[in-house]
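Enquirer:
Numbering (my numbering), first residue to last: 163 to 516.
Here's what the structure looks like:
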């Protein structure tokens, strides 16, 4: 008996015996054995086994519309260029992922789903996208989804980290699960992933260059062709970034990398948002601090208080008073002490109002 068929028979016996005393061990054994290049040699799984294996790889997905005793399906796990990937089939009319499943899993991926056999409709974000062989859908793991299938369906799925993809594309591909059909980029990506699955190797080594190639192809397929749509998204993203900075600019430890982390984007993309508008993130932070300093200094002059200028500098996020004074002079044309009521035009106006 060939080695691969011997392994399959051993796996079938393992599943039949059930590892009833340790279900987690059963899933580990099945997942390990379901790796490899020959999908035709992957053994069929029952309803509970299929759900358990899928859950261990990508999360909770539930076959619906079929008697569990009549269900059959297969799952094959791979690693493609450092991305998690799987190939699966089943005979269920529907596969459901509910809001409860999303909450319990707490995973953040986009799944690039490629249809290999059959016909399937993906329902997500109040949109329906019908896939034929070779078509690609981009499915968000953080939202409920339903797959409606015409009898038997087989698909490939590539797991793309949500933040990394959004950072690379410069936008959130929300509501664009179907992409543009019939593009050369789509055909190239489908063939690339299919070839890697059919290779005899159990996995391909992680490659930063290949990951970038995948991201670029995804961007070509799913980024809107209308530049206005991209502009609207970047404006919204820029507004969100500015709101984060406005809430935190008085924190002396605030740096551009902190803003990027809170916004869920890369530092590179953050800087791109500002350079497109002729500015920098650090410059915007300093600008907010200096504007607030000017307001505090005006208030100081109006109230005739003796608050130390260094205290104002520290209160708005500057740890170094000399640096604050230098930046203030460059911004307003005179020193903070002048702005505070010692001869600057603003100070004279303030005194005239008293």
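Backbone N, C-alpha and C fix where the C-beta goes; we use that ideal spot for every residue, glycine too.
Out of 400, 320 and 455, which one is the CA nearest neighbour of residue 434?
Expert: By one-based count along the chain shown, residue 434 stands at place 272. The shortest Cα separation from residue 434 among 400, 320 and 455 belongs to 400.
Enquirer: Tell me where the alpha helix (DSSP H) around residue 373 begins and ends.
Expert: Residue 373 sits at position 211 when you count from the first residue of the chain shown. Where residue 373 is concerned, the enclosing alpha helix (DSSP H) stretches over 370-384.
Enquirer: Tell me which residue opens and which closes the beta strand (DSSP E) that residue 240 is part of.
Expert: Mapped onto the chain shown, residue 240 falls at position 78. Note, residue 240: beta strand (DSSP E), 235-242.
Enquirer: According to DSSP, simplified to helix, strand and coil, what is residue 496?
Expert: Counted from its first residue, the chain shown places residue 496 at position 334. Correct three-state label for residue 496: coil.
Enquirer: Within 10 angstroms of its Cβ, does residue 457 collect 16 or more other Cβ (buried), or is it exposed?
Expert: On the chain shown, position 295 is the one that residue 457 refers to. Answer is exposed; the Cβ neighbour count stays below 16.
Enquirer: Bridge partners of residue 323, per DSSP?
Expert: As a first step, residue 323 must be located in the chain shown, where it is residue number 161. Note: residue 323 sits in a beta bridge opposite 271.
Enquirer: Does the separation of the CB atoms of residue 251 and residue 315 fall below 8 Å?
Expert: For the purposes of this step, residue 251 is taken as the residue at position 89 of the chain shown. For the purposes of this step, residue 315 is taken as the residue at position 153 of the chain shown. Contact flag set, yes.
Enquirer: Where does residue 498 land, buried or exposed, given buried means 16+ other C-beta within 10 angstroms?
Expert: Translated into positions along the chain shown, residue 498 becomes position 336. By the 10 Å Cβ count, residue 498 comes out buried.
Enquirer: Taking one C-beta from the segment 209-216 and one from the segment 277-291 each time, how about it: are there three or more such pairs within less than 8 Å?
Expert: Flag = no, the segment 209-216 and the segment 277-291 do not touch.
Enquirer: Taking the alpha-carbon positions, what's the residue 198 to residue 242 distance?
Expert: Position 36 of the chain shown, counted from the first residue, corresponds to residue 198. Position 80 of the chain shown, counted from the first residue, corresponds to residue 242. Per-residue confidence for residue 198 stands at a pLDDT of 47, beneath the threshold of 50, marking its modelled position as unreliable; the derived number appears in the next sentence. Roughly 12 Å separates the two Cα atoms.
Enquirer: Alpha carbon to alpha carbon, how far is residue 231 from residue 253?
Expert: Position 69 of the chain shown, counting from 1, holds the residue named residue 231. Position 91 of the chain shown, counting from 1, holds the residue named residue 253. Rounded to whole angstroms, residue 231 to residue 253 spans 12 Å at the Cα level.
Enquirer: With a threshold of 8 Å, are at least 3 pairs of Cβ atoms found where one atom belongs to the segment 405-412 and the other to the segment 303-317?
Expert: Taking 8 Å as the limit for Cβ pairs, the verdict is that the segment 303-317 does not touch the segment 405-412.
Enquirer: Which residue wins for smallest C-alpha separation from residue 397, given the options 415, 444, 423 and 432?
Expert: Looking up residue 397 in the chain shown gives position 235. The shortest C-alpha separation from residue 397 is found at 432.
Enquirer: Residue 206 by DSSP, collapsed to three states: which one?
Expert: Here the question's residue 206 lines up with position 44 in the chain shown. Coil at residue 206, not helix or strand.
Enquirer: Whole angstroms are fine: how far does the CA of residue 478 sit from the CA of residue 454?
Expert: Counting from one through the chain shown, the residue named residue 454 turns up at place 292. Counting from one through the chain shown, the residue named residue 478 turns up at place 316. Approximately 7 Å between the Cα atoms of the pair.
Enquirer: One question on the structure: do residue 103 and residue 380 come within less than 8 Å of each other, judged by their Cβ atoms?
Expert: The structure shown does not extend to residue 103, since the chain spans only 163 to 516, so no value can be given for it.
Enquirer: Residue 264 and residue 306 - do their beta-carbons sit closer together than 8 Å?
Expert: The residue labelled residue 306 in the question sits at position 144 within the chain shown. The residue labelled residue 264 in the question sits at position 102 within the chain shown. It is a contact, given that the beta carbons lie within the stated cut-off.
Enquirer: Can you tell me which of the three DSSP states residue 225 falls into?
Expert: The residue labelled residue 225 in the question sits at position 63 within the chain shown. Correct three-state label for residue 225: strand.
Enquirer: When the distance is taken between beta carbons, is residue 423 closer than 8 Å to residue 403?
Expert: For the purposes of this step, residue 403 is taken as the residue at position 241 of the chain shown. For the purposes of this step, residue 423 is taken as the residue at position 261 of the chain shown. Not closer than 8 Å, so no.
Enquirer: So is residue 298 buried or exposed if we call it buried at 16+ other beta carbons inside 10 Å?
Expert: Your numbering for residue 298 matches position 136 in the chain shown. Counting Cβ neighbours within 10 Å, residue 298 comes out buried, since at least 16 surround it.
Enquirer: What does residue 309 pair with, by DSSP beta-bridge criteria?
Expert: Looking up residue 309 in the chain shown gives position 147. DSSP, once it has assigned bridges, lists 257 and 284 as partnering residue 309.
Enquirer: Using CA atoms only, rank isn't needed, just tell me which of 206, 496, 448 and 373 is closest to residue 475.
Expert: Mapped onto the chain shown, residue 475 falls at position 313. Taking only the C-alpha atoms, the option nearest residue 475 is 448.
Enquirer: Beta-carbon within less than 8 Å of residue 186's beta-carbon, same chain only, minus the 5 sequence neighbours each way: which residues are those?
Expert: What you label residue 186 is simply residue 24 of the chain shown in a count that begins at 1. Residue placement at residue 186 is flagged as unreliable, the pLDDT there being 44, under the threshold of 50; a coordinate-derived value is accordingly withheld.
Enquirer: Among 271, 262 and 235, which has the Cα closest to the Cα of residue 317?
Expert: In the chain shown, the residue the question calls residue 317 occupies position 155. Looking at the Cα atoms, 235 is the closest of the given residues.
Enquirer: Hey, how far is the Cα of residue 450 from the Cα of residue 443?
Expert: Position 288 of the chain shown holds residue 450. Position 281 of the chain shown holds residue 443. Spanning the two alpha carbons is a distance of roughly 11 Å.
Enquirer: Determine the DSSP secondary structure at residue 437, reduced to helix, strand or coil.
Expert: Working through the chain shown from its first residue, we reach residue 437 at position 275. If DSSP states are grouped into helix, strand and coil, residue 437 belongs with the helices.
Enquirer: Taking the DSSP output, what are the residues bridged to residue 246?
Expert: The count along the chain shown starts at 1 and reaches residue 246 at position 84. 241.
Enquirer: Nearest to residue 356 by alpha carbon, out of 296, 219, 323 and 371?
Expert: Against the chain shown, residue 356 aligns to sequence position 194. Ranking 296, 219, 323 and 371 by Cα distance to residue 356 puts 296 first.
Enquirer: Tell me the rounded alpha-carbon separation between residue 484 and residue 420.
Expert: What you label residue 484 is simply residue 322 of the chain shown in a count that begins at 1. What you label residue 420 is simply residue 258 of the chain shown in a count that begins at 1. Residue 484 and residue 420: Cα-Cα distance of roughly 24 Å.
Enquirer: Which two residues bound the contiguous alpha helix (DSSP H) that contains residue 355?
Expert: In the chain shown, counting from the first residue as 1, residue 355 sits at position 193. Taken as a continuous stretch (DSSP letters only), the alpha helix (DSSP H) holding residue 355 covers 346-360.
Enquirer: Since residue 238 contacts residue 249 with CB under 8 Å, what's their CB separation in whole angstroms?
Expert: Indexing the chain shown from 1 puts residue 238 at position 76. Indexing the chain shown from 1 puts residue 249 at position 87. Between residue 249 and residue 238 the Cβ distance is about 4 Å, and since that is below 8 Å, they are a contact.
Enquirer: Kindly indicate which three-state DSSP category residue 201 falls into: helix, strand or coil?
Expert: Here residue 201 is taken as the residue at index 39 of the chain shown, counted from 1. The answer is helix: DSSP assigns residue 201 an H, G or I state.
Enquirer: Mind checking residue 489: buried by the 16 CB within 10 Å criterion, or exposed?
Expert: What you label residue 489 is simply residue 327 of the chain shown in a count that begins at 1. Buried, since its Cβ has 16 or more Cβ neighbours within 10 Å.
Enquirer: For residue 303, tell me which candidate among 271, 240, 246 and 482 has the shortest Cα-Cα distance.
Expert: Position 141 of the chain shown, counted from the first residue, corresponds to residue 303. It is 271 whose Cα lies nearest to the Cα of residue 303.
Enquirer: Between the C-alpha atoms of residue 405 and residue 480, what's the straight-line distance to the nearest angstrom?
Expert: Locating residue 405 in the chain shown gives position 243, where the first residue counts as 1. Locating residue 480 in the chain shown gives position 318, where the first residue counts as 1. For residue 405 and residue 480, the distance between alpha carbons rounds to 20 Å.
Enquirer: My guess is that residue 205 and residue 228 are in contact by the Cβ rule of under 8 Å, so how many angstroms apart are they, rounded?
Expert: For the purposes of this step, residue 205 is taken as residue 43 along the chain shown, with counting starting at 1. For the purposes of this step, residue 228 is taken as residue 66 along the chain shown, with counting starting at 1. About 19 Å separates the two Cβ atoms, so there is no contact after all.
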